[in-house]
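> In the numbering used here, the protein residues as written are 466 to 869.
A virtual CB, placed ideally from N, CA and C, is assigned to each residue, including glycine.
Nothing here was measured: the structure is a model prediction, and the numbers come from that model.
Pasting a structure below so you can have a look.
As structure tokens, this is what we get:
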């Protein structure tokens, strides 16, 4: 059982990342603004906490006084968890609950930021320090778990994680600290900032240059296709591709490109719909559209380290292979999974489901029996609004892997 803990904990974090963490964004932005303003005015960050939170406080200060993402001038920060002689002397003489508050009174001044960290939100010495900060006119920011707490009520701003599990709270606190340090550096030292990866998975074409620069420090894997009906073959290809590098970028044919390649009745789904389906997959990091018939120009711009195609392609037929290999990359042909292909799905649907031969442009819904018998791995919702006519005359000369 213990051998699975890393996978289980990673899955738990992924669930948090995909659901509730966005609720922290507004408070994160406020905290960042407060810290940047204080540092720009020559003030300091005073961090404190107990146990794992003490380590987090020292971590924050270490990133400020040292460096986080790049070399720059040091930023003022103090951790109240050390030196140990000071901390233990105060705790011994005045009581543990004042171990941070007395240091706040001795070291803090208006304009500073008191940064308290408590997984429970009820650590008494953290609470007393925040109360002391308030008396001195020092702004206080706290990191806590999800529960209502005494610190929540006392601090000027509290970033509450969307979980009460101690391990998850501490992991998210570490992420918040890194994000704050990154934001502080980028705000105070903008001339040194490197291009950063976008938050959204779909990369607009007008941001492609910045995106390409941001990829420079990553081992990038690239694959491409129409992805008109996502099936198990696609999922296997994308999963295998993602395992080959740091980031998987998927080139996605624009609607006009699909029509030229597959016929006037295609695509079944618009570019936006196909991009949304891909973006929902954990294995896909970024999606970039292209209007040409092939992704050659896009591959030249991105110059990935790995180019992946499905098993129906030979090395000589893979667009962009020469470019990637000439720049030190590799080309990987992934074996086709079983008999899964969009072409097979569409061709088998016509004779077996009794789909009427509608004239092109008829956009009535696909019959319910088609939805009921959708192949495993193909979301029924992805078929509901598909034009009936688009399920006939699938081209037979396209490689079935093409990921459609």
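1. Going by DSSP in three states, residue 518 sits in which element: helix, strand or coil?
2. Considering only C-alpha positions, which residue in the set 597, 598 and 580 is nearest to residue 609?
3. Roughly how many angstroms lie between the CA atoms of residue 562 and residue 706, to the nearest whole one?
4. Residue 470: buried (16+ other C-beta within 10 angstroms of its C-beta) or exposed?
5. CB residue 680 to CB residue 662, shorter than 9 Å?
6. Using CA coordinates, which residue listed in 490, 520, 572 and 488 is at the minimum distance from residue 509?
7. What are the boundary residues of the beta strand (DSSP E) that includes residue 629?
8. Using DSSP with H/G/I as helix, E/B as strand and the rest coil, what is residue 552?
9. Going by beta carbon distance, what residues of the same chain come within less than 7 Å of residue 498, once the five residues before and after it are set aside?
10. Along the beta strand (DSSP E) that carries residue 435, what are the first and last residues, could you check?
11. Find the nearest neighbour of residue 489 within the set 577, 782, 559 and 644, judged by alpha-carbon distance.
12. Can you give me the C-alpha to C-alpha distance between residue 515 and residue 540, rounded to a whole angstrom?
13. Where do the N-terminal and C-terminal ends of the alpha helix (DSSP H) with residue 666 fall, by residue?
14. Straight-line CA distance for residue 784 to residue 700?
15. Is residue 840 helix, strand or coil when you go by DSSP?
16. How is the alpha helix (DSSP H) around residue 723 delimited, first residue to last?
17. Can you have a look at residue 482 and say buried or exposed, based on whether 16 or more other CB atoms are within 10 angstroms of its CB?
18. Please tell me whether residue 756 and residue 686 are closer than 9 Å, where the distance is taken between their beta carbons.
19. Smallest Cα separation from residue 520: which of 474, 638, 496 and 500?
20. Do residue 605 and residue 598 have their C-beta atoms closer together than 9 Å?
21. Reducing DSSP to helix, strand and coil, say where residue 830 ends up.
22. Taking a contact to mean a Cβ-Cβ separation below 9 Å, would you say residue 653 touches residue 501 in this structure?
23. Between the Cα of residue 538 and the Cα atoms of 655, 518 and 596, which residue gives the shortest distance?
24. Could you give the first and the last residue of the continuous beta strand (DSSP E) run that contains residue 606?
25. Looking at the structure shown, is residue 509 part of a helix, part of a strand, or coil, going by DSSP?
26. Let me check one thing: in DSSP terms, what residues is residue 751 bridge-paired to?
27. Just the Cα atoms here: how many angstroms apart are residue 692 and residue 535?
28. If I'm right that residue 586 touches residue 617 with Cβ under 8 Å, what's the distance once you round it to whole angstroms?
Straight from the coordinates:
1. Looking up residue 518 in the chain shown gives position 53. Helix at residue 518.
2. Residue 609 sits at position 144 when you count from the first residue of the chain shown. For residue 609, the nearest C-alpha among the options comes from 580.
3. One-based indexing of the chain shown puts residue 562 at position 97. One-based indexing of the chain shown puts residue 706 at position 241. For residue 562 and residue 706, the distance between alpha carbons rounds to 53 Å.
4. In the chain shown, counting from the first residue as 1, residue 470 sits at position 5. Answer is exposed; the Cβ neighbour count stays below 16.
5. On the chain shown, residue 680 is found 215 positions in, with the first residue counted as 1. On the chain shown, residue 662 is found 197 positions in, with the first residue counted as 1. Yes, the Cβ-Cβ distance between residue 680 and residue 662 is below 9 Å.
6. Working through the chain shown from its first residue, we reach residue 509 at position 44. Out of 490, 520, 572 and 488, 572 has the C-alpha closest to the C-alpha of residue 509.
7. Along the chain shown, one-based indexing puts residue 629 at 164. Here residue 629 belongs to no beta strand (DSSP E), and DSSP marks it neither H nor E.
8. Taking the chain shown and counting its residues from 1, the one referred to as residue 552 is at position 87. Helix at residue 552.
9. The sequence position of residue 498 within the chain shown is 33, counting from 1. Answer for residue 498: no residue qualifies.
10. In the structure displayed, the chain extends from 466 to 869; residue 435 sits before or after that span and is not available.
11. Position 24 of the chain shown, counted from the first residue, corresponds to residue 489. Relative to residue 489, the option among 577, 782, 559 and 644 whose CA is nearest is 644.
12. The sequence position of residue 515 within the chain shown is 50, counting from 1. The sequence position of residue 540 within the chain shown is 75, counting from 1. One Cα belongs to residue 515, the other to residue 540, and the distance between them is close to 23 Å.
13. As a working mapping, residue 666 is identified with position 201 in the chain shown. Note, residue 666: premise wrong, no alpha helix (DSSP H); not H, not E.
14. Locating residue 784 in the chain shown gives position 319, counting from the first residue. Locating residue 700 in the chain shown gives position 235, counting from the first residue. Each residue's Cα considered, the two are about 21 Å apart.
15. Taking the first residue of the chain shown as position 1, residue 840 is located at position 375. Because residue 840 carries a pLDDT of 39, less than 50, the predicted location of this residue cannot be relied on, and no value is offered for it.
16. Residue mapping note: residue 723 aligns to position 258 of the chain shown, counting from 1. 720–727 is the extent of the alpha helix (DSSP H) around residue 723.
17. For the purposes of this step, residue 482 is taken as the residue at position 17 of the chain shown. Under this definition residue 482 is an exposed residue.
18. Stepping through the chain shown from its first residue, residue 756 is reached at position 291. Stepping through the chain shown from its first residue, residue 686 is reached at position 221. Contact: no.
19. As a first step, residue 520 must be located in the chain shown, where it is residue number 55. Comparing Cα-Cα distances from residue 520 to each of 474, 638, 496 and 500, the minimum goes to 638.
20. The residue given as residue 605 occupies position 140 in the chain shown. The residue given as residue 598 occupies position 133 in the chain shown. When the beta-carbon positions are compared, residue 605 and residue 598 come within less than 9 Å of each other.
21. One-based indexing of the chain shown puts residue 830 at position 365. For residue 830, the predicted model reports a pLDDT of 38, less than 50, meaning its position is unreliable; a value from the coordinates is still stated below. Reduced to three states, the DSSP call for residue 830 is coil.
22. Here residue 653 refers to the residue found at position 188 when the chain shown is read from its first residue. Here residue 501 refers to the residue found at position 36 when the chain shown is read from its first residue. It is a contact, given that the beta carbons lie within the stated cut-off.
23. For the purposes of this step, residue 538 is taken as the residue at position 73 of the chain shown. That would be 655, whose Cα lies nearest to the Cα of residue 538.
24. Walking along the chain shown from the start, residue 606 turns up at place 141. From DSSP, the beta strand (DSSP E) with residue 606 extends over 604–609.
25. Looking up residue 509 in the chain shown gives position 44. Coil.
26. Within the chain shown, the letter at position 286 stands for residue 751. According to DSSP, which records beta bridges pairwise, residue 751 is partnered with 714.
27. Reading the chain shown from its first residue, position 227 is the one you call residue 692. Reading the chain shown from its first residue, position 70 is the one you call residue 535. Cα to Cα, the separation comes out at about 39 Å.
28. As a first step, residue 586 is located in the chain shown; it is residue number 121 there, counting from the start. As a first step, residue 617 is located in the chain shown; it is residue number 152 there, counting from the start. With 8 Å as the limit, residue 586 and residue 617 qualify as a contact, their Cβ atoms being about 6 Å apart.
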